[in-house]
Structures are given as structure tokens and as C-alpha cells.
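Visitor:
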Amino acid sequence: MREKTIKITQSYYLSKLKLILALSSAIITTSANNVLAQNITIDGTLSPAQTLNGPTYTIPQSVGQTVNSNLFHSFGQFSLNQGERANFQSNANIRNIFSRVTGGYPSNIDGLIFTQNRSVNLYLINPSGIVFGPNARLNVGGSTRGSFVATTADALVWSNGSQFSATNPGGTSSLLTIVGDPSGFLFNHRPPQPIQVFGSQLSVYQGQSLLLLGGDVSLDNGQLSVDFTEGGRIELGAVAEPGTVGLTTNGNILSLSFPENLAQADVLLTQESFLDVTAGNGGSIAINARNIDILGGSQLRGGIGSELGNVDSQAGDVTLNATDAITFDRGDAFSNVEEGAVGNGGNIRITADSLSVTNGAQLITSSAGQGNAGNVIIDAQQVLFDGTDTEGFSSSAFSDVVEGAVGNGGEIRITANSLSVTNGAQLFASSAGQGNAGNVIIDAQKVLFDSTDGEGSRSSAYSDVEKTAVGNGGEIRITANSLSVTNGAQLFASSAGQGNAGNVIIDAEQVLFDGTDAEGFNSSAYSDVEEGAVGNGGEIRITANSLSVTNGAQLFASSAGQGNAGNVIIDAEQVLFDGTDAEGSRSSAYSDVLEGAVGNGGEIRITTNSLSVTNGARLFASSAGQGNAGNVIIDAQQVLFDGRITNGNFPSGAFSLVGQTAVGNGGDVRITANSLALTNGAQINAFTRGQGNAGNVIIDAQLILFDGTDSATFSTVEQTAVGSGGDIRISTNSLSVTNGAQLIASTRGQGNAGNIQITTFDKISVSGTSSINGRSSALFTNSNSTGKGGDITINAPLFLLSDNAVLDARTRNDGNGGNITVNANIVEVINGGQILSTTAGRGSAGKITVNATERAIINGRDASFDERVARFGTRVANVDAASGLFVRSDSLGSAGDIEVNSPFVLLDNGGRFIAESRSVNGGDISVNAGNALLLRRGSQISTTAGTAQAGGNGGNININAGFVIALPNENSNITANAFSGTGGQVQINTQGIFGIEPRLNDSINSSDITASSTTGINGEIIITTPNVDPTQGLTNLPADTVNTASLIDSACSASDDKTGSQFTVTGRGGLPPSPDEVLNGDAVWSDTRLTVAAKPHNGSVSRVTTPQKSSNAISIVPATGWVFNNKGEVTLVSQVAQVDAYNVGSNHVACGKP
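Counted the way mature numbering (1 follows the signal peptide of the UniProt record, and there is no 0) counts, the sequence shown spans residues -37 to -1, 1 to 1117.
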């Protein structure tokens, strides 16, 4: 569009130049002829023909024809040389003087046209053309009546059909039928001839009209004006083909009306030409043409003049109607309320197929006095504002209230198919006085703001309240099919004074903000409260099908003064924030309270089907002043945060920050989505560096993936902060944290760390490590200060921690570490996965609690652990290669505790529950396994004090399990040891314990239970099993013996002199002695191994006990067998009768064997 407009404008220049040269030649030729000939002649149609004498040509009423209040003159020629004057005389009752020129020669006016009657209108009609030279002047009528009309029409027409024709002076229409004012101008020859004004200064009295209507109408350094005080009207019209142009009379104000189907010619203003209707009231300008060119410093001036007007004054409008193109090139149109004036300014109205405002041209409505500025209203198919002039003034359309003025600014309204604001051009509404700034309203199919060649001025649309103003800013409203803001262009609403900034409101199908300009200014939409201002910021609201903010472009709302920052609100089907500019400036949407400001930050709200924030782009809300930061709120179907800036320092993400100089709380980051992916180093952070609490990270999504190196969600209290960290709260169907991604809540300042709370309806999987920095996928809370570490709480049907991933709650200073609680149906910690709670300071480590309603599995090792440690050193979070639950104290703080509650607990392949301390008491371990605790292949449950060969008592191990089972030779151990302190207590309450025994010391060849101290007092082992009564369930034998012979078949031939058949019963139970008795349920299994009683060592106590029912009960020792009772139940028993096999053999009496 821009190239097309430039080409059209150049063609205009060429055609106008040819026209000007031709007319200049005509003036020179005609002027030369006029030296030899008389300039004014009477043609003889209305009175006898004659030649009037100059240089002062007196034109009496008698040489014309009078009809009522109208006077008609008919001239053969009508021209004036320099220094000449034409004096029209008429009686006082004459309202209109109609003068036609019929001789076929143009009228060349370079002198004065004068009417003796001070209350009369003058019409000059010459179809052959009219030229006003540099000395042409008008003195027509007066302030009560005195309009001047110059036209190259063929005839004047009246509403009753009457005509006053210059091309058919002897026509059939009688002047006697003419009554009142004419109703129009008839053009019936082709083409209509031009009207030219060369250096002329033509003016009419206040309240009067000056009309030029012809073919092409041009002004070259020409000046048309209406005297001050009471405004009049200047109108230019250009006609290209036969037709009738209407004329409307409203008092002394004359105006033209053009039929829609009438082809029009061109109007051209060049060489600082101007039309001026500035006055105390009224004053309007209208131009109607095919093409209108306002060039070379030319101006259209309207409004209320300085020191003029009153409270009821209303300036007229500047109206331009073109069927094709309107061009302002280093030309202006303005309607102002000038300094000292009182009254409201008029509007600038432009209707065209295309409008070009270039090279510093301006359309202006302003108020410097007491009154409202007018509006700039544009309706065109194609609109271009482009560039600046040599002094740096932007091509622009604006409305403002200047400093010292009292009044409201007007609006900039543009309706177009295509609008381009390029190379430093601007659209704006502002206030520096006492009044509100106006709005900038755009309704177009395609809108482009681009600052490629701004040369210090950025293409923009804005509304602002300046530093000296008392009033509110206006809005920027854009409705479009597509909007592009590129290469540093800007849309903004700001306040630097006492008043609220306006809003930036965009409603478009496709919206693009892209890039920066050569000086590094971002393409942007923003609303701000500037330093020193008192007022609230406006909002950035974008409704679109697609929004892209790329290559360093930004959307933001900020406050540096006393007031709240506005919100950034986005509602779009697809939203993309991507990348940075060449200098590393990040594509962003943000809201902030700057240092020194007093006020709260606004919110970032995004509602979309798809949101992508990639390659270092960010969404953030911050506060560095006295006020709370805003929230980042996302509601989407799909959300992707991916990547970071190439140098690695700036991740893509969503952030909430309380800055170091701030006094206020951070905002939340809240995400509601169907799916959320945080990948390749992207982050979601809420942190505080100042005096205030960090915000929360709250996520509610069906599917969540955190994946890759440095991909993380943080809630952080930084070292300079005084305040608590926010929580990380996640509710989801499925959460996966993989390949080194992390969720972290930490404190390094004066405040508690936040908590991590995750609830899922399917599973949580935390797995893997980063291949780049060796860090584990993790859920991590940390206290590195006096503040308490945050808690980690997991609620899920399935929790899977695998492949070196960790849950880690630690403290490194005086604050206590947080607790870790896992509530799930199934918990699996496998392949080097670890749950850790540690302290390296004075604070106590937190507690690890695992509640698994079905099973808890701790299984496997990390085969790559040694390699990772060698490569990445301390960045490896795992304590060793084993899967497990670990609590540890490496300093003066107490080690935490471990509690596991599940029907079935399995530790396999080196799985561990470990509580260790270097020099303080070891932590406790509690395992409540309703059905069974199973230890396999080198698994351990261990609480150890004094790992640094220092003091500290061993922690306690409490096991409540249906059965405790291990394989004897797999080196699975339960240990409560110490170095110089007392060994811990191992207490086991179980139905049965198998494959693992209490021992004085561990052995790699057996599964052991120990509670020892290297240099101190051993702990104790207490194993509690159920009571068993040895006499319970015994069967009384019958008193009478059985004749066995009666029970044996008489057939003896089977023995055949050999040994007869036998049946052997061993122990109690088996078949009853008599077939008449029921089966005995006392079938007994016996452990035939020898038992070894534990012996005390160094004063320690290690004992195995079972409780007694009463003082009379038989003492029970540990079970060595089991019994099936008469109900089919299994009961463990301590002793089984040691019996020899008894041969029950019987021979029939008929057999010969005993």
C-alpha cells in the first residue's frame, strides 16, 4: 500500500506541475494582452454593450438587471491588472450580485474586487477559467453579508428551474422567474475549466463564505481567509464532467453538495498556501474533489483564535471529501483553541479512498485555551502516515490539551481497510493542561505500525497525561482483522501528571508484535504511570484469534509514580511469546511497580486454547517499590514453556518477583490447563528479594511435564529478603518430572521457605538426571537461613521416584528443614531414586513420612552413580547409588525421622531406610507394615549416630509388621548403631520374623539386627510376638486300648513270608488311632536348627522376649514352628515335641508274624 501511495502522489505532482505551468503561461499571455486591451466589457445581453474604463472600473447597478433583491451582470471580459479595481455598485436592498463572463476568455484577477454595498454577496461565473494573481484582493460586502463565490460553472440554477447561464446567455430562462438565492451550479461543457490562485490573499468578512468551484482548483502560495471574530466558511470544489453541484444557504454560510455519481477533479495546495477560518466562533473549511493534495507547507486552519470566543463558542470543522486520494506531504490541517481563547475546537473530517500523511505532515486538533479540542475523524480505504520532516516532526494525527489549557482533548478516529503508520509517524491524544486526553480509535482490516526508519521517532499510537496535566488519559482502541506492530513501533497509554493512564484495547483476528528499532526500543503495547505521576495505569487488553509477541517485543503495564499499574489481559485462541532481539531483550508480557513507586502491580491474565512461551520469552509481574506485585494468571488448553536464551542466563517462563528495593508481597503464578509442558530449561518462578512474601505457584492441569536441564519451578526467598516464600501447589491427573527438571522451594533470607504440595488423580513420576549438569530430577525444599524449610506433600494413587531422581528437604543454617509426606496407594522408589531430608546447620532435618495404602517398594541402585560423581561432583544430589529414604545430619542439627505406613513394604536390591548423623543423635525410623516387611538382596534399615567418629546416640527403629521376612544369606540388615554414644533401640512387633536375627555385629554373610556402639553402650533389640499356650488345642487320648487285629484285613497272603505292611505316625497329629475319631488338627512343623542365645557385650543389653499372659503362664520362647489348629488357622509355637518315629504295625491273628 505504501509503495502504491507514493507512486500515486508522484503522479499527482507531475500532473499538477504541468497544470501550474500551463496556467502560469496563460496568465503571462493574458496579462500581456491586457496591456493593449480593456479588461472589463459589458456583453450587451442585459444592457447595451460597452467597455468600462480603468484602472478603477465602476460597475453601476444600471449596466445590469435587477430582479427583486438580486442584481445580474453579464460581462464579455472580466480581468484586472495589478493596481486595478472593480467597484460593484448597488442599492442597499440588493442581496446578491451575479456576474457572468460570456466572452470565452479566462478572468485574470490581479487587482481588487470591491462592492460598495456593505451587505451583499458577489458571484463571479466564468466557464472559461478564473485566475487570481499575487495582487488579487477581495473587499466584498461586510459582516452582515459579504460572501464571494468564484466558479467556472456554465450557469447558476434555482430550485424552480430558472438559470443564469454564461455559455447560453440568450437562453429561454427569464431572469424575471428568479426568486431568492440560487440552489446550484450547472456544468454542461467538458471539461470544466480550472480556478487558480497564485500568491493571492483573498478574504471575506467575518461570518461570510468564500467558495471556489471549478474544474481543477489549485493554490500556489495562495491564501484564502475569513476575518476574525465571527467565523465563516471556505469551500473548494472541483468538477470533472457535466453535472449539477448543489448550493445550500444557511444565513450567510454557503455550502456545496456533490452528487455521488458526479466525477470530480483535483484540488491542489502548494508552496505554503493556506485556508484560514480561525475566529471567535464557527469557521469551517470544506474541500470536495477527486484528489486533494496539501503540499509544501500548506495548511488548513480552523478553530478559536487567540483571545477570542466565549463559553458558547464552537469552532467549525475542517472537512475533506475525496473520491480518490488525499495527500498531506509537509502540509497540515488543524483546528485549535488558541492560547487565551474560550470555546470548543472543531473537528477535522477526512473521507477518501486513500489518505497519505507524509514527511512531517500533521492533522491536529488542540486546546491551548479554555475549551475542548476537536476530533480527527478519518474514513478511507487506505491510510498511510509515514516519516518525519527534516526537523524531526512526525507525520501525525493528534489531539491535545496543551499546558495551561482547561479542556478535554479530542479523539483520533480512523476507519479504513488498511492503515499503515510507519517510519516514525504517530497517532496520539494527550493532555498537558487541566483536562482529559482523548482516545485513539482505529477500525481497519489491516493495521501496521512499523519503525524501520524512524530516525529517533518511533511509529506509535498513544494517549498520555503529561507532567503538568490534571486529567485522565484516553484509550487506544484498535479493531482489525490483522494488526502488526514491528521494528520498535509502540502502542501506549501513560500518565506523567495527576490522572489515570488510559487503556490499550485491541480486538483483532491476528496480532503481531515483533522486534526492536535501531536504537533498541521494543515493539510494544504498554500502559504506565511515570515517575512523579499520581494516578493508576491503564490496562492492555488484547482479544484475538492469534497473538504473537516475538524477537524482543513486549506487552507491559507499569507504575513509577503514586498509583497502581494496570493489567495485561489477553484472550486469544493461540498465543506465542518467542525469542529476544539482537541485544538480548526478551519478548515479554509483564506488570511491574518500579523503584520509588507507591502502588500495586497489575496482573498478567491470559485466556487461550494454546500458549507457547519459548526461547527466552517471559511472563512476569514484579514490584520494586512500595506495593504488591501482580499475579500471572493463565487459563489455557495447552501451555508450553520451552527453552532459554542461548547464553543460558534467561529462561523462558512465568515469574513473580518482589525486588530488592520493594516493600510488598509478590503475586501468584496461576496456571489452569489441560496440559502443561515446561521443557529445555524453561522455568516458573515466584521469588522475593525485598521486604515481602514471595507469591505462590499454583498449577491445575490434566497432564503436566517438567523436562530437561534447568527446567524448574521455584519459590524462593533470596538472601536480601525479609519475607516468606510462596507455595508450589499442583493439582493434576498426571505429573512427570524428568531429565533433571526440578520443583524448588527455598529460603536464603529472613523468612520461611514455601511448601510444595502436589495432588494427582493418577500418578506422579519423578525420574532421571540431566546429562548436562548431572542434577537429578527433583522436588526440593531448602532452608539456608534462619527460616524454616518448606514441606513437600505428595497425594497420588501412584508415586514413582526413579532413575536417580530425588525428593529433597534440607537445611543448611539455623532454620529447620521441611518435612516430606507422600500419601499414595502405591509408592515406588527405584533405580537410585531417593527421598532425602538433611541438615548441614543448626536446624533440624525434617521428617519423611510415606503412607502407601497398597504397597511401598524401595528397589534397585543407580549404576551410573560413580560416573556422575566423578563428572559433576557436588552437583549430584544423591547420597549414594541406592534407592531409599534418607534423613541425615551433617552438623549440629538433629537428623530427621522416617515413617513408612503400608500393608506391604519391600526393600530390594540394596533399598534403604537410612537415618544418619555425624555428631548428634540419629533419627528414628518407624515402619508400619500391616501384612509384611520384606528385605531382599542387601537392603538396609539403619539409623546411625557418629558417622564422623563423634558423639550422638543411635536413633530408634520401630517396626510393626504382620511378618518381617528376609533371606538369611542376603546381608539385609536392620541396624541402630552409634560410634561413641549409646546404640539405638530396635523394637519389632510382628506375627513372625524370618531369615533375619539379632546379632552383636553385622556380617556380610547373614541378615542381621544390630544395636551396637563402637566405643559406647550398645542399644537394645526388642522383638515382640504374640502369646502361644502350649497346652492349647491338645487332644486327650482314649483310656481303652485298641485291638489292632480287628482293624486289619485277614488277607495275609500278601506278606508271603515277608515283612508285612506298615504305617508310621511321627509326632502329634496325623491319622487318628481309631477310624471312629475325627482327624486331629495338630499337625506340627518343627525348626530343627539349633538356636543361639545372644550374649551381653560391654554392658549392652540385647534380649529376645515374649510377653506372659499371667504369672502362672508357661514361659514362651521364640517360635520355632507352626501349628494348624482345628479351624485350619496357622499358629506359631515355640517348641515342637522331639519324638522318634513310632512304628505302628499290626498283624492279623491269622498271620504268623508278631
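Glycine included, each C-beta is placed from N, C-alpha and C at the ideal position.
Note that this is a predicted model, so its numbers are computed, not measured.
Between which residues of its own chain and residue 796 is the CB-CB distance below 6 angstroms, once the five residues before and five after are set aside?
Guide: Here residue 796 corresponds to residue number 833 of the sequence shown, with the count starting at 1. Once the five neighbours on either side are set aside, the close Cβ partners of residue 796 are 764, 765, 768 and 846.
Visitor: Buried or exposed: where does residue 964 fall if 16 or more other Cβ atoms within 10 Å of its Cβ makes it buried?
Guide: Counting from 1 along the sequence shown, the entry for residue 964 is found at position 1001. Its Cβ having fewer than 16 others within 10 Å, residue 964 is exposed.
Visitor: Ignore the nearest five residues each way along the sequence and tell me which others in residue 5's own chain have a CB closer than 6 angstroms to its CB.
Guide: Working through the sequence shown from its first residue, we reach residue 5 at position 42. Answer for residue 5: 12, 13 and 26, listed in chain order.
Visitor: What residue range does the alpha helix (DSSP H) around residue 831 cover?
Guide: Indexing the sequence shown from 1 puts residue 831 at position 868. Per DSSP, residue 831 belongs to the alpha helix (DSSP H) from 828 to 835.
Visitor: Who are the Cβ neighbours of residue 144 in its own chain at under 7 angstroms, not counting the five residues just before and after it?
Guide: Translated into positions along the sequence shown, residue 144 becomes position 181. 59 and 212.
Visitor: For residue 67 and residue 39, I'd like the C-alpha separation in whole angstroms.
Guide: Taking the sequence shown and counting its residues from 1, one reaches residue 67 at position 104. Taking the sequence shown and counting its residues from 1, one reaches residue 39 at position 76. Rounded to whole angstroms, residue 67 to residue 39 spans 8 angstroms at the Cα level.
Visitor: Excluding five sequence neighbours on each side, which residues of the same chain lie with their C-beta closer than 8 angstroms to the C-beta of residue 824?
Guide: The residue labelled residue 824 in the question sits at position 861 within the sequence shown. Closer than 8 angstroms at the Cβ level, and outside the excluded window around residue 824, lie 794, 795, 844, 845, 846, 872 and 873.
Visitor: Three or more C-beta pairs under 8 angstroms: does that hold for the region 110 to 118 against the region 49 to 57?
Guide: Verdict: no, contact absent.
Visitor: Buried or exposed, going by whether 16 or more other CB atoms sit within 10 Å of the CB of residue 572?
Guide: Counting from 1 along the sequence shown, the entry for residue 572 is found at position 609. It counts as exposed.
Visitor: Could you spell out the range, first to last residue, of the beta strand (DSSP E) harbouring residue 292?
Guide: Locating residue 292 in the sequence shown gives position 329, counting from the first residue. That run of the beta strand (DSSP E) goes 288 to 292.
Visitor: How about residue 928 and residue 972: are their beta carbons less than 8 angstroms apart?
Guide: Along the sequence shown, read from residue 1 onward, the residue named residue 928 stands at position 965. Along the sequence shown, read from residue 1 onward, the residue named residue 972 stands at position 1009. Contact flag unset, no.
Visitor: Below 8 angstroms, can you find three or more Cβ-Cβ pairs linking the region 392 to 402 to the region 361 to 375?
Guide: Taking 8 angstroms as the limit for Cβ pairs, the verdict is that the region 361 to 375 does touch the region 392 to 402.
Visitor: For residue 290 and residue 165, what's the separation of their Cα atoms in angstroms?
Guide: Taking the first residue of the sequence shown as 1, we reach residue 290 at position 327. Taking the first residue of the sequence shown as 1, we reach residue 165 at position 202. Approximately 24 angstroms between the Cα atoms of the pair.
Visitor: Quick one: residues in its chain with C-beta nearer than 7 angstroms to the C-beta of residue 31, no 5 flanking neighbours on either side, listed in chain order?
Guide: Residue mapping note: residue 31 aligns to position 68 of the sequence shown, counting from 1. Closer than 7 angstroms at the Cβ level, and outside the excluded window around residue 31, lie 142.
Visitor: On the three-state DSSP scale, how would you describe residue 977?
Guide: Sequence index remark: in the sequence shown, residue 977 carries index 1014 (1-based). Reduced to three states, the DSSP call for residue 977 is coil.
Visitor: How big is the Cα-Cα spacing for residue 381 and residue 527?
Guide: Mapped onto the sequence shown, residue 381 falls at position 418. Mapped onto the sequence shown, residue 527 falls at position 564. Their Cα atoms are separated by approximately 35 angstroms.
Visitor: Decide if residue 1055 is buried, meaning its Cβ has at least 16 other Cβ atoms within 10 Å, or exposed.
Guide: Residue 1055 sits at position 1092 when you count from the first residue of the sequence shown. For residue 1055, the predicted model reports a pLDDT of 39, less than 50, meaning its position is unreliable; a value from the coordinates is still stated below. Label assigned to residue 1055: exposed.
Visitor: Considering only C-alpha positions, which residue in the set 842, 869 and 829 is nearest to residue 819?
Guide: Taking the first residue of the sequence shown as position 1, residue 819 is located at position 856. Of the candidates 842, 869 and 829, the one whose C-alpha sits nearest the C-alpha of residue 819 is 869.
Visitor: With a threshold of 6 angstroms on Cβ separation, who are the neighbours of residue -12 within its own chain once the five nearest residues in sequence on each side are excluded?
Guide: Taking the first residue of the sequence shown as 1, we reach residue -12 at position 26. Low confidence applies to residue -12: its pLDDT is 44, below 50, so where it sits in the model is not reliable enough to give any reading.
Visitor: To which residues of the same chain is residue 207 closer than 6 angstroms at the C-beta, ignoring the five residues directly before and after it?
Guide: On the sequence shown, position 244 is the one that residue 207 refers to. Contacts found: 147 and 149.
Visitor: Would residue 274 be called buried (16 or more neighbouring beta carbons within 10 Å of its own) or exposed?
Guide: By 1-based counting over the sequence shown, the position of residue 274 is 311. So residue 274 counts as exposed.
Visitor: With DSSP as the reference, identify every bridge partner of residue 111, one or two as the case may be.
Guide: As a working note, residue 111 is residue 148 in the sequence shown. Paired residues: 85 and 173.
Visitor: Can you confirm whether the region 120 to 137 touches the region 96 to 106 when touching is taken to mean that 3 or more C-beta pairs between the two stretches lie within less than 8 angstroms?
Guide: Touching, no.
Visitor: Look up residue 409 in the DSSP assignment and give the residues it is bridged to.
Guide: Start at 1 with the first residue of the sequence shown, and residue 409 comes out as number 446. According to DSSP, residue 409 bridges with 381 and 445.
Visitor: Please list, in chain order, all residues of the same chain as residue 880 whose beta carbon is under 6 angstroms from its beta carbon, the five residues on each side excluded.
Guide: By 1-based counting over the sequence shown, the position of residue 880 is 917. Within the same chain, residue 880 has close Cβ partners 852, 858, 908 and 915.
Visitor: Name the one or two DSSP bridge partners that residue 713 has.
Guide: Within the sequence shown, numbered from 1, the residue matching residue 713 stands at position 750. Answer is 685, bridged to residue 713.
Visitor: Mind checking which residues open and close the beta strand (DSSP E) that includes residue 525?
Guide: To locate residue 525, count along the sequence shown from 1; it is residue 562. Taken as a continuous stretch (DSSP letters only), residue 525 belongs to no beta strand (DSSP E), as it is neither H nor E.
Visitor: Please report whether the beta-carbon of residue 157 lies at a distance below 8 angstroms from any beta-carbon of chain D.
Guide: This model lacks chain D altogether; it includes just one protein chain.
Visitor: I need the straight-line Cα distance from residue 809 to residue 597, nearest angstrom please.
Guide: Counting from 1 along the sequence shown, the entry for residue 809 is found at position 846. Counting from 1 along the sequence shown, the entry for residue 597 is found at position 634. The alpha-carbon atoms of residue 809 and residue 597 are separated by roughly 33 angstroms.
Visitor: Could you please give the first and the last residue of the uninterrupted beta strand (DSSP E) stretch that includes residue 36?
Guide: As a working mapping, residue 36 is identified with position 73 in the sequence shown. Residues 33 to 41.
Visitor: Could you name each continuous beta strand (DSSP E) segment of 3 residues or more that falls completely within the region 496 to 553, going from the start of the chain to the end?
Guide: As far as the region 496 to 553 is concerned, its whole beta strand (DSSP E) runs of at least 3 residues are 503 to 513, 517 to 522 and 531 to 541.
Visitor: Where does residue 977 land, buried or exposed, given buried means 16+ other C-beta within 10 angstroms?
Guide: Taking the first residue of the sequence shown as 1, we reach residue 977 at position 1014. Classification of residue 977: exposed, given that the 10 Å Cβ count is below 16.
Visitor: Below 8 angstroms CB to CB, which residues in the same chain sit around residue 932 once its five sequence neighbours on both sides are set aside?
Guide: If you number the sequence shown from 1, residue 932 lands on position 969. Answer for residue 932: 968, 969 and 970, listed in chain order.
Visitor: Can you tell me the Cβ-Cβ gap for residue 530 and residue 483, rounded? I've got them flagged as a contact below 8 angstroms.
Guide: Residue numbering aside, residue 530 sits at position 567 when the sequence shown is read from its first letter. Residue numbering aside, residue 483 sits at position 520 when the sequence shown is read from its first letter. About 26 angstroms; that fails the 8 angstroms criterion.
Visitor: Starting from residue 141, follow its DSSP beta bridges and name the residues at the other end.
Guide: As a position in the sequence shown, residue 141 is number 178, starting the count at 1. Beta-bridge pairing links residue 141 to no other residue.
Visitor: Run through DSSP, which three-state label would residue 846 get?
Guide: In the sequence shown, the residue the question calls residue 846 occupies position 883. Coil at residue 846, not helix or strand.
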